[in-house]
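Student:
Residue numbers (UniProt numbering), protein chains in the order written: chain A, 1 to 212; chain B, 1 to 212.
(1) When the Cα atoms are used, what is the spatial distance from residue 191 of chain A to residue 171 of chain A?
(2) Any residues in the stretch 175–191 of chain A with a beta carbon nearer than 8 Å to a beta carbon of chain B? Which ones, in chain order?
(3) Roughly how far, in whole angstroms, is the beta-carbon of residue 94 of chain B from the beta-carbon of residue 4 of chain B, given that I think they are within contact range, below 8 Å?
(4) I'd like to know whether the C-beta atoms of residue 145 of chain A and residue 162 of chain A end up nearer to each other than 8 Å.
(5) Does residue 127 of chain A have its Cβ less than 8 Å from a Cβ in chain B?
(6) Using Cβ-Cβ distances below 7 Å, what residues of the stretch 159–174 of chain B are close to chain A?
(7) Does residue 14 of chain B have its Cβ less than 8 Å from a Cβ in chain A?
(8) Taking the C-alpha atoms as reference points, what is the distance between residue 178 of chain B and residue 209 of chain B?
(9) Quick one: grab the DSSP three-state call for residue 166 of chain A.
(10) Any C-beta of chain B sitting closer than 8 Å to the C-beta of residue 106 of chain A?
(11) Are at least three pairs of beta-carbons, each pair with one atom in the stretch 30–38 of chain A and one in the stretch 50–62 of chain A, less than 8 Å apart?
(12) Taking beta-carbon pairs under 8 Å, can you tell me which members of the stretch 64–83 of chain A lie near chain B?
(13) Taking only three categories from DSSP, how would you classify residue 92 of chain A?
(14) Exposed or buried, what is residue 134 of chain A when buried is set at 16 or more other beta-carbons lying within 10 Å of its beta-carbon?
(15) With a cut-off of 8 Å, does the C-beta of residue 52 of chain A fall near any C-beta of chain B?
(16) DSSP three-state call for residue 111 of chain B: helix, strand or coil?
(17) Distance, Cα to Cα, residue 27 of chain B vs residue 66 of chain A?
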């Protein structure tokens with residue numbers, strides 16, 4: 001199985017602007033990418049990062065022999081679609097680079113699906129990760145992609161599984177998402193956030209983050 | 001195994017005030033309770049609703065012989081703590097009444113845990129459902145209860161499992177949570193929301209709800 005990890009190299013994570021500087025957003029995005037790559041490697045697969053621009057591999061999981069990087073500046077939909085399986089090809093998994101809570105166990109539940117299309121939905125109707133083995137399936141990441149992908153699978157008569165995982169449902173886009181990294185994260189991303197001065201604030205009903 | 005479903009009967013779901021009237025909030029809360037009870041019944045267990053006030057059982061799952069209702073106007077923590085297992089007792093599960101996406105499959109993954117304490121965390125560090133078989137464990141639902149419950153389990157030397165489920169992680173507290181009901185819900189709650197005029201708005205990046 002191919003495992004593709006799309007990565008937006010330029011000005012990543014703009015919705016975190018209220019709480020993080022551009023440099024910090026970039027550092028956090030790379031830490032999350034490293035955490036995701038490491039979780040994929042632990043499942044026994046060799047990920048391919050598809051980046052919109054070249055990345056400095058120094059001091060990162062990108063430097064590992066088992067990780068490859070391809071540059072593709074097309075839209076997410078076009079770059080992923082170009083890598084989906086043709087008839088006879090192995091299945092292709094697509095895992096978003098901001099799934100900071102991804103673990104090998106959670107990914108394995110997705111990777112071992114026997115459905116033609118298996119989707120781990122994100123909060124708000126996104127598609128955080130999927131595995132495609134049906135040659136006629138295509139992606140469309142615009143708007144509410146989870147429901148769109150379910151519809152596309154039905155159109156091409158592909159069997160469909162929705163994988164129920166909080167870890168895979170949690171992509172990091174907005175300031176409130178940082179809470180989940182500090183509570184459940186285990187890798188570089190929570191360490192980076194703590195080095196930026198973030199800590200949990202448990203006075204509120206739902207836990208919040210505060211910054212020293 | 002006992003399955004306890006705490007329910008706040010008076011002015012439920014106040015954080016939905018910006019988008020729902022008091023009557024609508026109450027109707028939605030009862031619809032979610034019914035959906036949760038039905039999912040529990042389908043796992044083969046007979047739930048006990050612990051309500052802060054008497055509930056009208058007409059036209060609801062509460063009228064089923066296999067569902068009991070107890071009135072307890074204490075705080076959530078006190079009402080649950082009083083029902084946790086004493087030495088020699090069967091395990092006790094506690095499932096929040098607003099887990100509108102709960103399915104029998106997701107609940108079974110929790111109910112069949114062999115750990116002394118199994119927790120399905122909610123978004124924002126809450127405790128959405130748990131199963132307790134250790135007689136010294138106690139609950140504290142104030143603030144970030146997931147981390148507190150993990151700490152309490154460690155203090156009493158209980159083995160701990162965290163159950164990774166998006167469906168169980170999704171409690172319905174805030175307007176953006178309604179999106180998840182419309183995308184993934186299968187029972188009364190999505191039907192009620194649609195009857196109130198809500199529909200998915202897929203123009204945004206994350207799917208939103210709009211109201212006719």
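For glycine and all other residues, C-beta sits at the position ideal for the given N, C-alpha and C.
Tutor: Judging by the given coordinates:
(1) Rounded to whole angstroms, residue 191 of chain A to residue 171 of chain A spans 17 Å at the Cα level.
(2) 176, 179, 180, 183 and 184
(3) Indeed they touch by this definition, with Cβ atoms about 5 Å apart.
(4) no
(5) Chain B, which has no Cβ nearer than 8 Å to the Cβ of residue 127 of chain A, makes this no.
(6) 164, 165, 166, 167 and 169
(7) no
(8) 7 Å
(9) DSSP places residue 166 of chain A in helix when its eight states are reduced to three.
(10) yes
(11) yes
(12) none
(13) strand
(14) buried
(15) No, no contact with chain B.
(16) helix
(17) 54 Å
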